[in-house]
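Quick note, the sequences are listed as chains A and B, same order. Residue 40 in the numbering used here sits at position 40 of the first sequence, with consecutive numbering throughout. Residue 720 in the numbering used here sits at position 720 of the second sequence, with consecutive numbering throughout. Glycine included, C-beta positions come from ideal geometry on N, C-alpha and C. Bear in mind that the values here come from a model prediction, so they are computed numbers and not experimental data. Shown next, in structure tokens, is the structure this report addresses.
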Amino acid sequence: MATVNITIDGQKIAARAGSTVLEAAREAGIDIPTLCYHPALPPEGACRVCLLEIEKQRTLQPACTFPVTEGMVVHTRSEKVISARKFVLELLLSDHPLDCMTCEMAGNCELQNLAYEYGIKESRFPGIQHSYPVDDPNPFIERDYNKCILCRRCVRACNYMNGVEAIGVVYRGFQAKIGTAFDGYLEDSPCEFCGMCVAVCPTGALIPKQRKGQGREWEFKKVTTTCSYCGVGCQFDLNVRNGRIVQVTSNWDAPANHGLLCVKGRFGWDYVHHPDRLTKPLIKKDGAFVEATWDEALDLVASKLSEVKEKYGSDAIGVLSSAKCTNEENYAMQKFTRAVLGTNNVDHCARL
Amino acid sequence: MAEALYRANVLVCGGTGCTASGSVKTFEALQSEIARRGLENEVRLIHTGCRGFCEQGPVMVVYPEGIFYCRVHAEDIPHLVEETLVKGRVVEALTYKEPETHQAIPHYREIPFYTKQQRIVLSNCGLIDPENIEEYIARGGYEALSKALFQMTPEQVIDEVKRSGLRGRGGAGFLTGLKWEFTYRAPGDVKYVVCNADEGDPGAFMDRSVIEGDPHSLLEGMIIAAYAIGAKEGYIYCRAEYPLAIKRLKIAIAQAEEYGLLGDHILGTDFSFHLKIKEGAGAFVCGEETALLASIEGRRGEPRPRPPFPAVKGLWGKPTNINNVKSYANVPRIIAKGAEWFASIGMPRSPGTAIFALTGKVNNTGLIEVPMGITLGEIIFDIGGGIPNGKRFKAVQTGGPLGGCLSAQDLNLRVDFDSLKDAGAVMGSGGMIVVDEDTCMVEFSKFFLTFATAESCGKCVPCRVGGKRMLEVLTRITEGKGRLEDIETIKQIAAGMDAGALCALGQLTPGPMLAALRYFENEFIEHIVDKKCKAGVCKALVRARCTNACPAEVDVPSYVSLVAQGRYAEALEIHRRHNPFALVCGRVCPAFCESRCRRGDIDEPIAIRSIKRFMADHEIEKPWTPPVYEPAKTEKVAVIGAGPAGLTAALRLAQKGYKVTVFEKLPVPGGMMAVGIPEYRLPRDILNIEIENIKRAGVEIKCNQALGKDFTIDSLMDKDGYKAVVLAIGAHQSRKLGIEGEDLAGVYHGVDFLRDIALGNPPDMTGKRVVVVGGGNVAIDAARSAWRLGASEVHVVYRRTRQDMPAHEEEIEAAEKEGIIFSYLTNPVRVIGENGKMTGVEVQNQLLGDFDRTGRRRPVPEEGSNFVIEADMLVPAIGQGIDLSWTDGSGVEANRDTTLVVNDALATTRPGVFAAGDAVSGPATVIQAVAQGNRVAVEVDYYLRTGKVEKIPVVPGYEVVEQQFNLEDYAEAKRPQMPELPVAERRGNFREVELGMDEDTIREECKRCLRCDLEWLESEGLAFEPVPDHLLVEDRVE
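Structure follows, in structure tokens:
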């Protein structure tokens, strides 16, 4: 690996050639705060929280976009840097509802964390705040742009991860906001509700509607699991509170999907707790289904299959499996069909 | 086909400015007139690009004579063709007139607007037909391209541009050649050349004019750049709001392609280059290069952080060279004439010329090209012709809405990239907006800040939110709701934006305000603390411009409106609330109100002073006993000096119930009103009526009481029991010239001269030759008095020009009528005499040198120009000082200029002693003294009630008097002239010169008032009919 020698806060580092200062610093365990940066997205350089002092540069430079060069000397915590960061945070808070007490993202909000870290209780620069209506009627995503800090992670997620380009920045200057074309509802846009925008949002501006009022961030137990909808094998984290799923969050380390999900994986888990869901086998007796034990049910199925196979031959049996099952389950199913039932009549529903 | 041989060429400007003022119609009229007369084969008509002198548009030049005609409209054409093109005569009515002397200057080459310019980039503009490539070629066009392609390698071209020292004309001033080299060296097969023609500054049209007037110079520069860096494709990013520029570019590209100068195999070589136009949608931020590239690529026009720079990773991720229009347009000249030639022009580190769009409050607005290093003063006063309507220069904004302003103290600044930056402004792309004294710098900063925040793309936080917050604070200040800490907040936001914003737009957004704060912080503080906008611009702080301009804030609209209705007594009552000297000021006031009158923006200001005089004269028979508002108080106050400041202070304190005694050194009360202003301007009996009024309020006036001789401050306060003293001693000591012979007999200092006349001891002047030195009112008063006393010859010698004279214009005119001889740019150096008696004055001519802090050119002695004016008397009137002989041990301190030291509550260094009038401000006017008298009374009252000394802001109360006449009736009305005593009847007496106007004239004149005070009410959301009760208020103290 080609490296370049740089110095960050007096610490000499052999940084990966072609990396940014932020990457080099983080790889060396040096913390630089960020807001618009997300490791899964191309850097934007918009929020100005990662500004650093780089020697020989006239102005402060963003760590997230500035490439490392040989001999570079960087200061991440100089007085100038700290005051620039505080300035940005104070400006952001001057146009942000300070309702962390009731905000769903409290405890997991990057803005809140930075305000805490830099001890910003109130802004020196109070002024007019936006008051956008929170009224998008879609069933999945709550869009509260009063909490938006315009880091544009959602836009990049939509454009670069999903390639849908449903949202972008509309208007200019202080009026700039995230919106669909003509600033309408998501339903009227090409949005596929994959929820990647929600996954990357650093504040409470974008949250799954399902989780509203379902608990605080720190109460959630994360359970990594594999999506049961299709055969890709996407993994994600079920956020569970009191034995019930509250939301699905991206697991950025998942080998198959690297955090990406589709609408089904992210929002389609409500069936889990559905009252109509079968939890016990049913056997039809006298024209009506009657609850049975597993042993009873399996015995019945085994005897009936044996009976059909004996009477009409193996090919009289067909097996239909489900795309909602895992690969392993489907493998087991076809093995059973071929080896036990002795037929190749096996298929599955392809997709849901 | 052989072209006809024309005997005359008429070049009609078709630039944007002249097109807006109607040059297309002028051109068409010219065409049809030429055709009508069958002159098509003799006279050629050319519609050119911009000639720069937009203020005078539509302009044209007739060759071969080079006659410059301005403001030529279609109806002027038949006469013009007849006279000039048929008979060969100049039509003087259409020639340019020098704004101050009104002298006609018929020839293009002699007009000062052009003589100081050096046109390199604009050398073809206004001269060639921009839609004809052959005219460009005939002027040497595309020679540089051929030289580059056939005689130079790309490296040599880059080296030539580097050695020329050309710096980017977009504003940042980066070395163009170096930028080319970066792109040239960047690895990659595909490279681009891009021209930034996204000119978006308000009032700037440099790039536009170059494209419209000489598009091929841009193309040639770009083709050469493409050859140098190895590009095959290029873009011109031009805003869609420039349709003419785009049209001419398209024509130029098509013609260049047709001539093999653009496209494949240029001039038969292997070099190919294709050029496309990208029309921008007009976002200001797209002038930022990375935003511009994003826009070309079809993305939202927003900047991105650099590095990587476009030279490495630009358009579509390929190495890209971006330059401004003017940078490219310079290139063909540099290649053709050589780097050394270019480097020899202008300044060593900023070679070449600068193009400015000169706009705002300057006589000659337009487009100019000047060598770098020319001074700011030369641009504004020589090329720009100075400030219109005799107003004072205040500031100039360079670099557009992201630049900064410079003030009068910078007029000698050499204009180039580095000096402007050092001075806190920026070169920018070339906008230059001049403002005069009527501009409020707070509002001015707000204008640019509003623009910059509206144009912010909203990407980075410092610009998106910081700019908005700054604008909110500034808006608050202009509405009178500011707090002192707001200035610090602005500076904090500015520092944060400069350090943290993503692109130059955000970093430079605070620039105009910081520059304004640097030079004009007082104005910000006035808005915040005093709730005043002296320029009369910020609506929430200004009732009407006249009232705002009046130092005593007299409610002009109300009394003018009442006079219109014949309600003279009520009108006078309103006047007296702020100024008890209506008879006096109706005669001698310089009428600051009139200089700011809104009607004056349309035709001429309302004759407010004449109205005032009529109103006061009408009520002259009714003695006024000023109302006393408060119960009698026990405290006694002494006022020293019975001039306008002292008498006003005494009156106001008496009206508050104090027992007031005025001590006057001279045998008569009135101060300068009595012994300074000659009787022909202010008759003594008129003055005495108003002094008697003040006495009726209970004020006691003791004359012949000199401070330091007959009494002291100690004796007043310790012995006589005065609890407070107001020093209103005026400035009654003449300044000395300090030249040889000033002690000779015959030298009579101005103030002493006027005082002796006023007190009945005039010197014998009969047949004497008199020289008065100075340019103020005292000098004119002395000259006109000497003339009245029988002097045979009266000279006024002044070291500056007539325009620089501080005396009132009407006084100067009257003196001229009376035969006073004025010698400008002349200064005495020696008084010549025999036997102790003067016989003449040796004077020296002065040349105009650098600009001083007042924006006037400093007179510089011209060596060897001395001459003698034979004279029997010399009256120096070059300024007045204050008699400080009494100050030792008084506890009252003075400044170096002899004014008294006071704080912002007008308190002197001794507790209980206050000061007002000329003794504080230096020599000023009656109304300024009255204003200080009003103010000092408030302060003294506050001190006596609380024992504290604090500045008490007073917001003037007002009434709303309905408008009772029809707006339509007086649209055409003209300002009347004051009837005067004929000059022949003035000699040998001091009879009043101005005779006053009659009732009908005055009442009609009042109706010319536009009542802009009512507009203000409306802007605050208040209806002015019927008048809301809460608006009828007394002055309130905040």
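* Asked: With a CB to CB cut of under 6 Å and the five nearest residues on each side skipped, what residues in its chain are close to A/Asn354?
  -> Outside the shown range of chain A, which is 1 to 352, sits residue 354 of chain A, and nothing can be said about it.
* Between B/Asp714 and chain A, is there a C-beta pair that is closer than 9 Å? -> Not an interface residue.
* **Rounded Cβ spacing between B/Pro78 and B/Thr26 (contact assumed at less than 8 Å)** => The Cβ separation is near 12 Å, so there is no contact.
* **CB contact check: B/Gln844 to chain A, cutoff 9 Å** => no
* For B/Ile528 and chain A, any beta-carbon pair shorter than 9 Å? -> Not a single C-beta of chain A is nearer than 9 Å to the C-beta of B/Ile528.
* To do: May I ask you to list, following chain order, the residues of the segment 444-461 of chain B that have a beta carbon less than 8 Å from some beta carbon of chain A?
  => Listed in sequence order: Thr453, Ala454, Glu455, Ser456, Cys457, Gly458, Lys459, Cys460, Val461.
* B/Lys468 - DSSP class collapsed to helix/strand/coil -> helix
* A/Ile245 versus A/Leu89: straight-line alpha-carbon distance, rounded -> 34 Å
* What's the C-alpha gap between A/Arg211 and A/Pro97? -> 20 Å
* Asked: Alpha carbon to alpha carbon, how far is A/Ser250 from A/Thr203?
  -> 15 Å
* Starting from B/Asn827, trace the beta strand (DSSP E) both ways and give me its first and last residue. => 826-834
* To do: For the alpha helix (DSSP H) containing B/Asp159, list its first residue and its last residue.
  => 154-164
* Can at least three beta-carbon pairs, one atom from the segment 578-598 of chain B and one from the segment 689-698 of chain B, be found at a separation below 8 Å? -> yes
* When you compare only the Cα positions, how much space is there between B/Cys1009 and B/Glu1015? -> 12 Å
* chain A contacts from the segment 268-292 of chain B (Cβ-Cβ distance under 9 Å) -> Residues of the segment 268-292 of chain B that bring their beta carbon within less than 9 Å of a beta carbon in chain A comprise Ala283, Val285, in sequence order.
* Asked: Which chain B residues are close to A/Pro67, counting only those with a beta carbon under 8 Å from its beta carbon?
  -> Pro307, Pro308
* Asked: Using DSSP with H/G/I as helix, E/B as strand and the rest coil, what is B/Pro557?
  -> helix
* Asked: Would B/Ala144 pass as a contact of B/Ile334 if the rule is Cβ separation under 9 Å?
  -> yes
* Alpha-carbon spacing of B/Asp214 relative to B/Glu100, whole angstroms -> Their backbone Cα atoms lie some 33 Å apart in a straight line.
* **Straight-line gap, B/Leu178 to B/Asn321 (C-alpha atoms, nearest Å)** => For B/Leu178 and B/Asn321, the distance between alpha carbons rounds to 11 Å.
* Could you tell me if A/Cys349 is buried or exposed, where buried requires 16 or more neighbouring beta carbons within 10 angstroms of its beta carbon? => Exposed, by the Cβ-count rule.
* If you draw a straight line from the alpha carbon of B/Lys250 to that of B/Val12, how long is it in whole angstroms? -> Going from the Cα of B/Lys250 to the Cα of B/Val12 covers about 22 Å.
* Alpha carbon to alpha carbon, what distance is there between B/Asn934 and B/Gln655? -> 11 Å
* Asked: Roughly how many angstroms separate the alpha carbons of B/Ala1023 and B/Cys546, rounded to a whole number?
  -> Note that B/Ala1023 scores a pLDDT of 47, beneath 50, so its modelled location is shaky; the value from the coordinates is reported in the next line. Their backbone Cα atoms lie some 21 Å apart in a straight line.
* Integer Cβ distance of A/Cys375 from A/Ala323, believed to fall under 8 Å -> What the structure shows of chain A is the stretch from 1 to 352, and residue 375 of chain A is not part of that stretch, so it cannot be assessed.
* Asked: Do the segment 250-262 of chain B and the segment 203-223 of chain B meet, that is, are 3 or more Cβ pairs less than 8 Å apart?
  -> yes
* Asked: Under 8 Å Cβ-Cβ, which residues of chain B neighbour A/Leu92?
  -> Val461, Val465
* Residues that B/Ala499 contacts on chain A, provided the C-beta gap is smaller than 7 Å -> Thr59, Leu60, Lys80, Ala84
* **For B/His749, the residue or residues it bridges with in DSSP** => Paired residue(s): none; B/His749 is not in a bridge.
* In the DSSP assignment, find the unbroken alpha helix (DSSP H) run with A/Gln235 in it and report its ends. => Careful: A/Gln235 lies outside any alpha helix (DSSP H), inside the beta strand (DSSP E) at 235-241.
* Asked: With 16 as the cutoff for other CB atoms within 10 Å, does B/Arg1036 come out buried or exposed?
  -> Annotation note: pLDDT 45 at B/Arg1036 (below 50); position unreliable, no value reported.
* Residues near B/Ala931 in its chain [Cβ-Cβ closer than 6 Å; skip 5 each side] -> Pro551, Ala552
* Asked: Thinking C-beta only, is B/Cys125 closer than 9 Å to B/Thr48?
  -> It is a contact, given that the beta carbons lie within the stated cut-off.
* Beta carbon proximity, A/Val164 to chain B, threshold 9 Å -> Not one chain B Cβ lies under 9 Å of A/Val164.
* To do: Please classify B/Gln117: does DSSP put it in a helix, a strand, or coil?
  => coil
* To do: Could you name the residues of the same chain whose beta carbon sits closer than 6 Å to that of A/Ala2, not counting the 5 residues immediately before and after it, in chain order?
  => Ala17
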